[in-house]
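Just so we're aligned, residue 10 is where the sequence shown starts under this note's numbering, counting upward by one.
What follows is a single structure, written as structure tokens, with notes after it.
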Amino acid sequence: MPRAFTEHRIVVASHNPGKIREIRNLLTPLGIKVQAADKLGLIEPEETGKTFLENADLKARAAATASGIAALADDSGLCVDALQGAPGIYSARWAGPDKDFALAMAEIERKLDGAPSAAHFTCALSLAWPDGHVENVEGIIEGRLRFPPKGTRGFGYDPIFVPHGYDISFGEMDPENKLAINHRAIAFKKMLKACFDRAN
């Protein structure tokens with residue numbers, strides 16, 4: 010049986026403002042105080058995992074151990090079918106040290122060179138307690154890539170990703186609408202069902 014989350018505060022083990030904002034918006038209605046890892050002075054661990062789940066797990070464990078507070082970590086990225094799943098777990102690294110996602114999106118367009126652009130976003134969520142217990146879930150949303158990038162309302166690869174059933178990119182979508190359907194929301198719903206007894 011998954012462990013129920015009964016605490017009233019949680020650390021989001023991320024230094025990405027966009028991810029922190031989305032997770033805060035998902036958790037706040039539950040009456041949970043969200044604290045960002047960077048505000049607590051927590052150092053980002055090296056992501057040595059080979060999968061999204063492995064990276065989310067290690068980040069959550071590191072934050073929970075360092076803070077003494079339950080921690081929620083996200084590892085997510087864009088997987089392009091024609092690029093054998095790249096950039097995948099290296100999605101952030103493709104943007105370079107300056108987090109230049111315009112550069113990363115241009116590189117994807119160059120590598121595709123007109124090839125079919127089926128793609129999906131994956132989000133792994135790990136919830137870790139200071140005693141070492143961890144719960145893991147994963148969410149995926151399918152779609153396609155569209156160039157040139159459009160929209161400034163999201164972050165990362167949002168301007169080129171058009172989810173199935175829509176004709177606008179995540180970057181063009183109202184943030185509330187995106188948050189209701191995206192890969193993070195899908196994973197979060199699984200986590201709510203598994204661990205957050207107040208949502209059952």
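Even glycine gets a Cβ: it sits at the ideal position worked out from N, Cα and C.
Every value quoted in this text rests on a predicted model; they were computed, and no experiment measured them.
Return the chain-ordered list of same chain residues with a C-beta closer than 6 Å to the C-beta of residue i, the five sequence neighbours on each side being excluded.
i	result
Glu56	Asn64
Gln44	Val20
Trp103	Pro96, Ala113
Glu118	Phe156
Phe197	Leu35
Pro139	Ala73, Gly77
Asn209	Note that Asn209 has pLDDT 41, beneath the 50 cutoff, so the model's placement of it is unreliable and the number below is only indicative. Excluding positions up to five away in sequence, the list is empty.
Val146	Leu134, Ala196, Lys199, Met200
Gly94	Cys88
Could you give the distance in angstroms between the alpha-carbon of residue i and the alpha-carbon of residue j?
i	j	result
Ser75	Leu62	In the sequence as presented, Ser is not what sits at residue 75; that position holds Ala. Answer to the nearest angstrom: the Cα atoms are 20 Å apart.
Ala128	Ala82	23 Å
Lys108	Asn25	10 Å
Ala73	Ala79	5 Å
Gly180	Pro157	12 Å
Cys204	Thr15	9 Å
Gly123	Lys202	41 Å
Lys48	Ser126	38 Å
Gly165	Ile195	18 Å
Lys199	Ala111	32 Å
Arg30	Asp90	29 Å
Met10	Gly141	16 Å
Ala115	Asp183	24 Å
Ile52	Ile190	30 Å
What residue range is occupied by the uninterrupted alpha helix (DSSP H) comprising residue i?
i	result
Gly50	It is not in any alpha helix (DSSP H) - Gly50 carries neither H nor E in the DSSP assignment.
Glu185	184-190
Ala101	100-103
Lys59	Premise fails: Lys59 is in no alpha helix (DSSP H) and is neither H nor E.
Arg12	Taken as a continuous stretch (DSSP letters only), Arg12 belongs to no alpha helix (DSSP H), as it is neither H nor E.
Figure out for me which residue from the options has the closest Cα to the Cα of residue i.
i	options	result
Ala71	Leu35, Ala22, Thr60	Ala22
Ile150	Ser135, Ala80, Tyr175	Tyr175
His192	Gly58, Ala133, Lys59	Ala133
Arg12	Gly50, Leu49, Val143, Ile29	Val143
Asn186	Ala196, Lys199, Arg162, Met200	Arg162
Lys28	Lys199, Ala101, Cys88, Pro54	Ala101
Ser85	Thr131, His173, Asp66, Leu67	Thr131
Can you name, in chain order, every residue of its own chain whose Cβ lies under 7 Å from the Cβ of residue i, other than the five neighbours on each side?
i	result
Ser178	Arg155, Lys159, Gly160, Asp167, Pro168, Ile169, Phe170, Val171
Lys120	Leu92
Pro54	Leu67, Lys68, Ala71
Which two residues bound the contiguous beta strand (DSSP E) that contains residue i?
i	result
Asp84	80-89
Ile150	143-154
Phe170	170-172
Ala45	42-45
Leu134	127-137
Taking 8 Å as the limit between beta carbons, can you name the residues of its chain near residue i, skipping five residues before and five after?
i	result
Thr37	Val43
Thr60	Ile98, Ala133
Leu188	Glu31, Asn34, Leu35, Ala194
Gly105	Leu112, Ala113
On the premise that residue j lies in contact with residue i, defined as a C-beta separation below 8 Å, what is that separation, rounded to the nearest angstrom?
i	j	result
His17	Gly40	7 Å
Leu136	Ala46	Actually they are not in contact, since the Cβ atoms of Leu136 and Ala46 sit about 14 Å apart, beyond 8 Å.
His173	Gly152	5 Å
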